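What follows is a single structure, written as structure tokens, with notes after it.
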Amino acid sequence: MKLYFKYFSIHLRSVMQYKTSFFLTSIGTGLTTFFSFLSMYFLFDRFGSIKGYTFNEVLLCFSTIFMSFAIAECFGRGFDTFSGIISNGEFDRIMVRPRNEILQIVGSRIEFTRIGRLIQAFIVLIYAISSSRVYWSIDKVVTLLLMIVGGICLFFGLFMIYAAICFFTLEGLEFMNIFTDGGRELAQYPLDIYKDWVIKFFTFVVPIAFINYYPFLYIIGKNKGYGLFYMLSPVISMLFLIPSYILWRIGVRHYKSTGS
Amino acid sequence: MKAYISFFRIRFINGLQYRTAAYAGIATQFAWGFMFIMLYQAFYKSNPGIVPMPFDQLSSYIWLQQAFLALYMTWFVNNDIFNLITNGNVSYELCRPLDIYNMWFTKSCAYRLSRAALRCFPILIAAFVLPEPYKLGMPYSWIFAILFIVSMALALIVVVAYCMLVYIFTFYTISPVGARITLVMIADFLSGGLIPLPLLPDWLTKYIDFSPFAAMQNVPFRIYSGNIPADKAALAVLLQVAWAVILVAIGKILMSRALKNVVVQGG
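Taken in sequence, the protein lines are chains Y and F.
For the numbering used here, count along the first sequence from 1 and bump the result up by 60.
For the numbering used here, count along the second sequence from 1 and bump the result up by 18.
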């Protein structure tokens with residue numbers, strides 16, 4: 061952990077060398093969130109509601125998923141460039157160092173510019189919390205926090221799988237974006253607005269429903285019994301890290317050095 | 019002229035090499051298309067009032083958009099050109115006895131066309147055989163089909179001319195990432211890349227319709243399904259021509275001014 065803070069401070073200092081560039085890039089990346097928000101606002105402006113959910117309720121989904129994604133992307137960015145680490149042989153150097161590989165890869169790149177998205181998502185979250193007419197008792201606050209933390213774990217796990225696949229294919233697979241970016245896009249709305257198989261897929265294969273749909277129902281008070289299950293369901297998506305890690309270990313064992 | 023054609027050919031053939039990436043792209047675009055269609059269906063069902071765009075037209079719009087993504091997405095900028103400018107290799111380009119604007123313009127067109135050529139057919143064919151109302155319909159009439167093709171070409175010119183402005187902007191700022199994302203994202207939103215323009219509030223579309231952004235993917239895709247009536251379609255195409263000319267002119271002027279006092283960094 062100490063080592064990671066070392067990495068962290070190095071990256072932070074290197075970014076701060078180019079302050080203007082950093083701020084402009086942060087604003088730029090923040091714009092994507094802003095325009096997603098704007099499209100959602102305009103759609104609700106025209107259609108009123110979606111399957112009985114109001115705009116303010118859906119905003120809860122929107123802001124939590126964007127926050128989790130921004131944080132996961134900020135720290136898990138190293139996995140994204142992992143195909144490069146494999147193909148230039150950098151991974152050999154990582155393996156010979158007496159430290160955990162994941163720590164080194166994650167530490168190799170920290171994307172601070174995602175702060176733009178994070179701040180925006182946070183503002184939207186504050187607005188959603190204050191306007192959604194939900195009575196915020198302790199258990200609901202806990203659920204909300206679990207949603208965000210669960211989301212971070214889930215996306216982090218997906219990034220890890222993406223990197224683990226690189227061990228076999230040697231290059232990044234674009235179709236994984238369907239689960240990461242696609243998952244983020246889908247989960248801006250409660251998942252039951254889509255067809256039935258979508259929610260099944262995102263419950264049993266990629267557990268996005270556990271950070272988006274089930275706890276969300278609990279917060280807005282639409283769950284049918286089993287309150288505790290709905291409340292604690294994000295924990296299941298945290299468990300997603302286990303299979304991701306196993307896949308990663310298998311990948312490491314299969315690793316054959318390439319290139320020079 | 020011959021030089022530009024061969025530039026076009028080199029770029030085009032070069033772009034055709036990346037087949038595996040294209041397959042992955044096709045899969046992604048399918049997922050995206052289905053996602054949008056399901057989302058809009060939920061919205062349409064929640065409020066089945068009068069909407070400015072019937073659902074079958076919307077489906078056609080989305081599938082065309084996914085199929086021709088590479089042609090019209092403003093964020094599909096060519097990173098080679100940015101690298102040329104920021105690392106100073108642009109000086110080599112200046113040595114060539116060719117107009118740099120035209121050269122980059124042809125390159126960008128070829129880059130986009132080759133990527134679209136690889137991706138569009140599987141998506142179009144599959145979208146044709148989907149069940150109603152999710153499928154990509156036939157063109158509204160044969161006149162509209164011709165207009166559609168004309169307006170596709172014009173839209174490509176407008177998009178590439180806009181991207182050229184983004185490239186040229188890089189000459190003026192050394193660290194262009196922030197400005198680039200901003201310009202690109204604004205265009206993406208206002209051209210109907212995120213949600214089709216008719217679904218935006220009317221007070222906003224009133225103005226957007228006359229902007230260069232509406233002259234991008236918005237016009238051809240809506241002409242195809244007959245969402246724009248015949249008289250307005252002709253007007254929209256004329257507007258596309260106007261914007262194509264204006265944007266290219268601005269680009270050429272700015273380019274020549276930028277090149278007059280270009281400072282090549284590094285060595």
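Using N, Cα and C, we set each Cβ at its ideal position, and we do this for glycine too.
The structure displayed is predicted, hence computed values, not measured ones.
At a cut-off of 8 Å between beta carbons, PHE262(Y) makes no contact with chain F.
Per DSSP, the unbroken alpha helix (DSSP H) holding GLY196(F) starts and ends at 195–208.
Using beta-carbon distances, ASP256(Y) does not count as an interface residue toward chain F, since no partner is under 8 Å.
Contact between the segment 142–151 of chain Y and the segment 114–125 of chain Y is absent, with fewer than three C-beta pairs closer than 8 Å. With respect to chain F, the C-beta atom of THR141(Y) has no partner C-beta closer than 8 Å. Beta-bridge analysis with DSSP links ILE110(Y) to TYR113(Y).
Taking a 10 Å sphere around the C-beta of TRP257(Y), we find fewer than 16 other C-beta atoms and assign the residue as exposed. Distance between GLN248(Y) and GLY242(Y), taken at the CA atoms: about 10 Å.
When the five nearest sequence neighbours on each side are left out, the beta carbons in the same chain lying within less than 6 Å of the beta carbon of ALA85(F) are those of CYS138, ILE141, LEU142, in order along the chain. In the three-state scheme derived from DSSP, where H, G and I count as helix and E and B as strand, GLY155(F) is classed as coil. When GLU161(Y), ILE279(Y), GLY108(Y) are compared, the shortest CA-CA separation from MET207(Y) is found for ILE279(Y).
A direct Cα-to-Cα measurement between VAL201(Y) and LEU119(Y) gives close to 16 Å.
Here the alpha carbons of PRO250(Y) and ILE118(F) stand approximately 50 Å from one another. Within chain Y, no C-beta atom comes nearer than 7 Å to that of LEU257(F); the closest sits roughly 23 Å away. Short of 6 Å from the beta carbon of PHE26(F), and not among the five residues preceding or following it, lie these beta carbons of its own chain, in chain order: THR124, ALA128. Residues VAL108, GLU111 of the same chain have their beta carbon placed closer than 7 Å to that of LEU102(F), with the five preceding and five following residues left out of the count. Assigned with DSSP and collapsed to three states, GLY285(Y) falls in coil, not helix or strand.
Note on geometry: alpha-carbon atoms of VAL166(Y) and PRO72(F) lie some 47 Å from one another. Assignment of beta strand (DSSP E) within the segment 22–47 of chain F, counting only whole runs of 3 or more residues, yields no such run.
For VAL195(F), the C-beta contacts it makes with chain Y under 8 Å involve SER81, LEU84, THR85, GLY88, in order along the chain. Between PHE216(Y) and ALA132(Y), the C-beta spacing is below 8 Å.
Under the 8 Å criterion on CB atoms, PHE207(F) is classed as interfacial with respect to chain Y. Around the C-beta of TRP196(Y), fewer than 16 other C-beta atoms lie within 10 Å, and the residue is accordingly described as exposed. Within chain Y, ILE253, TYR254, LYS255, VAL258 have C-beta atoms less than 8 Å from the C-beta of MET56(F), given in sequence order. Between SER297(Y) and ILE271(Y), the CB-CB gap stays under 8 Å.
Within the segment 169–252 of chain Y, the complete alpha helix (DSSP H) runs of at least 4 residues fall at 175–191, 198–229, 237–246. By the C-beta density criterion, PRO115(F) is exposed, having fewer than 16 other C-beta atoms within 10 angstroms. In summary, the residues of the segment 95–119 of chain Y whose CB is separated from some CB of chain F by less than 8 Å are PHE95, SER96, LEU98, SER99, PHE102, LEU103, ASP105, ARG106, PHE107, GLY108, SER109, ILE110, LYS111, GLY112, in the order they occur in the chain.
Within its own chain, the residues whose Cβ lies closer than 7 Å to the Cβ of ILE80(F), once the five positions on either side in sequence are excluded, are GLY51, PHE54, ILE55, listed in chain order.
Annotated three-state conformation of GLU150(F) is coil, per DSSP. The criterion of a C-beta distance shorter than 8 Å is satisfied by VAL176(F) and PRO230(F).
The three-state secondary structure of TRP261(F), taken from DSSP, is helix. Listed along the chain, the chain Y residues whose CB falls inside 8 Å of the CB of LEU217(F) are PHE102, LEU103, ARG106. Comparing C-alpha distances from VAL259(F) to each of SER169(F), ARG133(F), ALA205(F) shows the shortest one belongs to SER169(F). Taking 8 Å as the CB threshold, ALA21(F) stays off the interface with chain Y.
Neighbours of PHE61(F) in chain Y, taken as residues whose beta carbon is under 7 Å from its own, are LEU103, PHE107, ILE110 in chain order.
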